[in-house]
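Numbering (the numbering used here), first residue to last: 775 to 944.
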């Protein structure tokens with residue numbers, strides 16, 4: 775698994791230990807075409823986007839572990855955000871995002887741990903109505919950060935991730 779999948783699994787387990795109900799998703803399991811207005815006009819909103827929209831409406835918060843691609847958001851995450859944001863009849867504008875609270879995490883083998891990508895994700899989510907909590911964590915040296923059980927080996931990293939998760943669960 776990717777280091778970001780390991781990180782979100784660790785964070786999700788901590789959220790569960792605090793009493794949160796967690797639905798763990800891998801966006802790769804929800805393939806969609808690249809967003810294009812002409813495609814939407816012709817074919818409508820993809821079924822996977824509708825599924826994710828419904829899941830978003832049913833949850834209060836988002837716990838995202840975001841890989842960084844070229845100092846920014848991944849195309850997969852951006853495309854998913856775009857498809858979910860499309861208007862639906864009888865629903866408020868950006869209805870799946872309104873009132874949601876998010877905590878952002880990233881993991882990378884690099885010295886910044888995916889921090890630059892989190893800035894892009896924070897900006898996008900904030901602009902569509904998500905309340906992005908200030909506590910986030912960018913895990914550096916991520917290839918060596920986890921033990922065989924999937925736990926973070928560095929106590930400081932573990933405490934920071936746990937604090938970010940606790941703020942979301944509260």
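The beta-carbon is built from N, C-alpha and C at its ideal position, and this holds for glycine as well. Only a predicted model underlies this, so the values are computations on that prediction, with no experimental measurement involved.
Just how far apart, CA to CA, sit residue i and residue j?
i: residue 917; j: residue 941; result: 26 Å
i: residue 849; j: residue 888; result: 15 Å
i: residue 792; j: residue 924; result: 18 Å
i: residue 841; j: residue 808; result: 19 Å
i: residue 875; j: residue 816; result: 33 Å
i: residue 864; j: residue 824; result: 14 Å
i: residue 826; j: residue 776; result: 22 Å
i: residue 909; j: residue 922; result: 27 Å
i: residue 861; j: residue 873; result: 16 Å
i: residue 814; j: residue 892; result: 28 Å
i: residue 820; j: residue 812; result: 13 Å
i: residue 781; j: residue 839; result: 7 Å
i: residue 822; j: residue 804; result: 5 Å
i: residue 843; j: residue 926; result: 23 Å
Between the Cα of residue i and those of the options, spot the shortest distance and give me the residue it belongs to.
i: residue 799; options: 854, 791 and 874; result: 854
i: residue 858; options: 846, 926, 935 and 818; result: 818
i: residue 806; options: 852, 922, 882 and 915; result: 852
i: residue 810; options: 778, 938, 856 and 834; result: 856
i: residue 937; options: 911, 919 and 780; result: 911
i: residue 920; options: 890, 894, 883 and 902; result: 883
i: residue 915; options: 886, 894 and 939; result: 886
i: residue 890; options: 812, 845 and 834; result: 845
How close, in whole Å, do the beta carbons of residue i and residue j come, if the pair is a contact with beta carbons under 8 Å?
i: residue 880; j: residue 913; result: 7 Å
i: residue 878; j: residue 906; result: 6 Å
i: residue 789; j: residue 796; result: 5 Å
i: residue 783; j: residue 943; result: Rounded, the Cβ-Cβ distance is 16 Å, inconsistent with contact.
i: residue 785; j: residue 935; result: 6 Å
query = Are the region 926-943 and the region 896-905 in contact at 8 Å, needing three or more beta carbon pairs?
reply = Contact between the region 926-943 and the region 896-905 is not established, with fewer than three Cβ pairs separated by less than 8 Å.
ask   = Contact between the region 860-871 and the region 825-843: three or more CB pairs below 8 Å?
value = yes
request  = Mind listing, in chain order, the continuous alpha helix (DSSP H) runs of no fewer than 4 residues lying wholly within the region 888-927?
outcome  = List check, alpha helix (DSSP H) in window: 889-901.
query = If you scan the region 807-865 from start to end, which runs of the beta strand (DSSP E) of 3 or more residues do you find wholly inside it?
reply = 835-839
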